[in-house]
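In UniProt numbering, the protein residues as written are 1 to 389.
Backbone N, C-alpha and C define an ideal beta-carbon position, used for all residues, glycine too.
Treat the numbers as computed from the prediction; the structure is a model and nothing was measured.
This report concerns only the one structure given below.
Structure below.
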């Protein structure tokens, strides 16, 4: 009996020793993982500083460490900078094209940046392969709803270990983390010269918008006057001549496929493509139709064609019924290319030749999308339409 009790006691002691020995190991492993993550974060943001201000304010970068010193640039909330020289009250930083001094009270430094970014800075996913599939769900078995190009960046809605949820041309989908690099979109400071240039460009755009509206109004009045004159002239002609004129007009509106019509149409298409290109870099705005202050894909196309006197439908799906169908293998500048999911249309672009399109996209390279030039086959086109010729 005594021997059995001794054996039992030894077993309990051995078990307790095992538990005690194992617990510190597990704790040590967890601590090591945390330390590793902290060191990686510290190394990544070593000698970096991020602006910590309210979203509706900016942080002044000054020529020297004094509030009386000249302002040489500004940082927005979440903008990042390299620390040139850290002081007790002021730190000399370099961000973008600006070098100057910022008060320490409004900066987050080094290893504190990661935690700050999680709560205050948006993440973006940059495509790291030539063409990446965007899927309806986070699975390789899910339907492909879009294709995106290398170098494009998209705002991240959420992410896990394998997938990133992004929004592309109005649709939410998932891309594999294996082919997209996720990082914080810190942004850089802007110099006062850059800020002034942007303000001047904005004022010029406003002026252009006013002129555009005035020109449209003038064209409309001229068209109305011309239409009235034509109706009066037609009413005084013979019925035979009226019929002939009507047939000729109908033929022109139906975009005759004769060689002369094709040549004229091709030339006009080239002018349309050239005109559209000048707005590259202007902003994207959902529901917008302004070529200078913001347009969505169909608003951009509609406004470009309106400049040449063509009235197109408002949405991309409705524009797919304008003009006439053409083969994607027989495109000419000015043709419209339509993209979508399956047979549904959700995006439209203007073909400009050389295998390229110009379009208003809500993805990078511009902060919230913009008018840009892309490969015509950055996505698989659903169909093409010819408005001119």
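Minimum C-alpha distance to residue i - residue among the options
i, options, result
"residue 137", "85, 321, 154 and 171", "171"
"residue 309", "293, 381, 278 and 388", "388"
"residue 45", "71, 112, 65 and 69", "112"
"residue 382", "334, 333, 360 and 329", "329"
"residue 61", "123, 133, 195 and 145", "195"
"residue 97", "290, 192 and 276", "192"
"residue 107", "71, 43, 47 and 157", "47"
"residue 393", "268, 95, 154 and 301", "Absent from the structure is residue 393, since the part of the chain shown begins at 1 and ends at 389."
"residue 320", "301, 59 and 284", "301"
"residue 202", "306, 303, 292 and 67", "292"
"residue 150", "63, 159 and 128", "128"
"residue 87", "316, 71 and 105", "105"
"residue 340", "323, 327, 315 and 334", "315"
Three-state class that DSSP yields for residue i in the structure shown
i, result
"residue 340", "strand"
"residue 300", "helix"
"residue 378", "coil"
"residue 272", "helix"
"residue 317", "helix"
"residue 54", "coil"
"residue 326", "coil"
"residue 111", "helix"
"residue 131", "strand"
"residue 162", "coil"
"residue 292", "coil"
"residue 388", "coil"
"residue 45", "coil"
"residue 194", "helix"
Cα-Cα separation, residue i to residue j
i, j, result
"residue 83", "residue 109", "9 Å"
"residue 271", "residue 279", "14 Å"
"residue 351", "residue 52", "44 Å"
"residue 288", "residue 325", "26 Å"
"residue 380", "residue 347", "11 Å"
"residue 349", "residue 337", "5 Å"
"residue 91", "residue 161", "37 Å"
"residue 179", "residue 165", "13 Å"
"residue 281", "residue 152", "15 Å"
"residue 266", "residue 123", "44 Å"
"residue 331", "residue 182", "36 Å"
"residue 56", "residue 206", "23 Å"
"residue 102", "residue 59", "8 Å"
"residue 144", "residue 157", "18 Å"
"residue 100", "residue 294", "34 Å"
"residue 134", "residue 159", "14 Å"
Identified DSSP bridge partners for residue i
i, result
"residue 126", "153 and 181"
"residue 59", "75"
"residue 147", "133"
"residue 345", "340"
Original post:
If you pair each beta-carbon of the region 74-81 with each one of the region 186-197, do three or more pairs fall below 8 Å?
Top reply: The answer is yes - the region 186-197 touches the region 74-81, with three or more Cβ pairs under 8 Å.
Original post:
Just checking, does the region 105-125 make contact with the region 133-149 on the three C-beta pairs under 8 Å criterion?
Top reply: The region 105-125 makes no contact with the region 133-149; the number of CB pairs closer than 8 Å stays below 3.
**OP:** Evaluate contact between the region 373-381 and the region 346-356, counting only Cβ atoms and requiring at least three cross-stretch pairs below 8 Å.
**Re:** Note that the region 373-381 touches the region 346-356; at least 3 beta-carbon pairs, one per stretch, sit closer than 8 Å.
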